[in-house]
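Below: one structure, written as structure tokens.
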Amino acid sequence: MRIMAVFAHPDDEIGCMGTLAKHAARGDEVMLVWTTLGELASQFGDAPHAEVTRVRREHGAWVAAQIGAQHHFFDMGDSRMTGGRGEALQLARLYARFRPNAVITWSDDHPHPDHRMTAKIAFDAITLARIPKIVNEVGGGAAMPPAPDLSGDDAIESGEDVRRLDAWREPVRFYQYHAPASPYPDFSVDVTDTIDVAGRVMEYYHDFYRWQWTKEQFLEGRAGVGRLAGVKYAERFNLRVTPLPARAFLD
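Put into structure tokens, the structure is as follows:
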């Protein structure tokens with residue numbers, strides 16, 4: 215199984231790190247993707263963009279290494295995302311390369327516009343990635359224009375020319391952070407065995423951002439979800455689906 219976690223800013227992934235770690239430990243392929251560098255964080259002050267990029271590459275590499283995941287940064291502009299086709303197409307090309315079976319992202323109704331726009335393009339990219347003429351859009355078989363290498367991986371946005379991508383047409387299950395107003399079914403993942411990894415990533419960002427939010431509060435939040443689900447620690451999601459298929463019996 216291949217899982218892609220698509221978020222707007224470095225630290226957004228904290229809400230699913232236990233789940234990602236659990237899948238990676240099982241042998242599944244995991245890729246962490248950020249649509250922006252989160253360059254408006256006050257910790258950067260007036261640092262030039264090149265320095266922000268360097269620091270964020272270190273952050274992404276460190277977090278991904280905790281679970282053995284791949285990682286990739288786009289540079290769509292912190293608090294400047296539009297949710298437009300161009301942004302979705304960048305992500306669709308990465309889908310076509312990584313071929314995810316599942317995507318995890320933000321809810322549709324989060325107050326931060328980058329979070330909402332990231333959820334939108336993550337969903338739109340599923341359809342765009344299914345259409346060969348779209349994921350290879352340039353015309354005449356010409357190479358796609360190279361883009362800055364922001365993550366050190368070998369994805370198509372990392373600088374090399376790519377002449378053709380195969381469309382990704384397999385079903386993609388679309389998971390979103392739980393939102394009380396979501397019309398989609400919700401469920402929880404037992405992350406008791408991987409809560410230490412999630413806590414370690416939380417502490418990493420805590421030290422950078424100097425949050426008032428503590429690791430103890432973070433763990434209590436996961437424990438609260440766990441109590442609802444009958445386990446010690448859990449992470450909660452909505453699954454964006456059409457009506458569930460009929461079952462032979464209740465279970």
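The numbering used here puts the first residue of the sequence shown at 215, with every later residue one more than the last.
C-beta: ideal position from N, C-alpha, C; glycine also.
Query                                                                                                                                                                  : Result
Using 8 Å as the threshold, is the C-beta distance between valine 317 and methionine 218 below it?                                                                     : yes
Rounding to the nearest angstrom, what Cα-Cα distance links aspartate 289 and phenylalanine 463 in this structure?                                                     : 48 Å
What is the residue span of the beta strand (DSSP E) that leucine 453 lies within?                                                                                     : 448-454
Do histidine 237 and glutamate 253 count as a contact pair if the criterion is CB distance below 8 Å?                                                                  : no
I'd like the span of the alpha helix (DSSP H) that includes histidine 420, first residue to last.                                                                      : 409-423
With which residues is alanine 336 paired in a DSSP beta bridge?                                                                                                       : In DSSP, alanine 336 forms no bridge with anything.
Does the distance from the CB of leucine 246 to the CB of valine 266 come in under 8 Å?                                                                                : no
State yes or no: is the C-beta of methionine 416 within less than 8 Å of the C-beta of isoleucine 281?                                                                 : no
Apply the 10 Å Cβ neighbour rule to arginine 378 and answer buried if 16 or more other Cβ atoms are within range, or exposed otherwise.                                : exposed
What are the start and end residues of the alpha helix (DSSP H) that includes methionine 290?                                                                          : Taken as a continuous stretch (DSSP letters only), methionine 290 belongs to no alpha helix (DSSP H), as it is neither H nor E.
When the Cα atoms are used, what is the spatial distance from valine 269 to aspartate 404?                                                                             : 32 Å
Rounded to the nearest angstrom, what separates glycine 440 and arginine 454 at their Cα positions?                                                                    : 22 Å
Report the three-state DSSP secondary structure of glutamate 265 (helix, strand or coil).                                                                              : helix
Which residue or residues does DSSP assign as beta-bridge partners of tryptophan 248?                                                                                  : Phe221 and Phe287
Tell me, please, which residues DSSP counts as bridged to glutamine 390.                                                                                               : Thr319 and Asn452
Contact defined as beta carbons within less than 8 Å: I believe alanine 283 pairs with alanine 343. What is the distance between those atoms, to the nearest angstrom? : Incorrect: roughly 20 Å between the Cβ atoms, too far for contact.
Report all residues from its chain with a CB closer than 8 Å to the CB of arginine 313; omit the five preceding and five following residues, and keep chain order.     : Arg216, Trp382 and Glu384
For alanine 462, which of helix, strand or coil comes out of DSSP?                                                                                                     : coil
How far does the beta strand (DSSP E) with valine 403 in it reach, from first residue to last?                                                                         : 400-404
Suppose the cutoff is 6 Å on Cβ atoms and the five residues either side in sequence are ignored; what does the same chain contact list for isoleucine 348 look like?   : Leu342
Contact check, alanine 443 vs serine 402 under 8 Å by CB: the rounded distance?                                                                                        : 4 Å
Alpha carbon to alpha carbon, what distance is there between tryptophan 248 and histidine 286?                                                                         : 6 Å
Cα separation between isoleucine 393 and threonine 319?                                                                                                                : Note that residue 393 corresponds to alanine in the displayed sequence, not to isoleucine. Approximately 12 Å between the Cα atoms of the pair.
Among Gly274, Asn452 and Thr332, which one has its Cα closest to the Cα of glycine 297?                                                                                : Thr332
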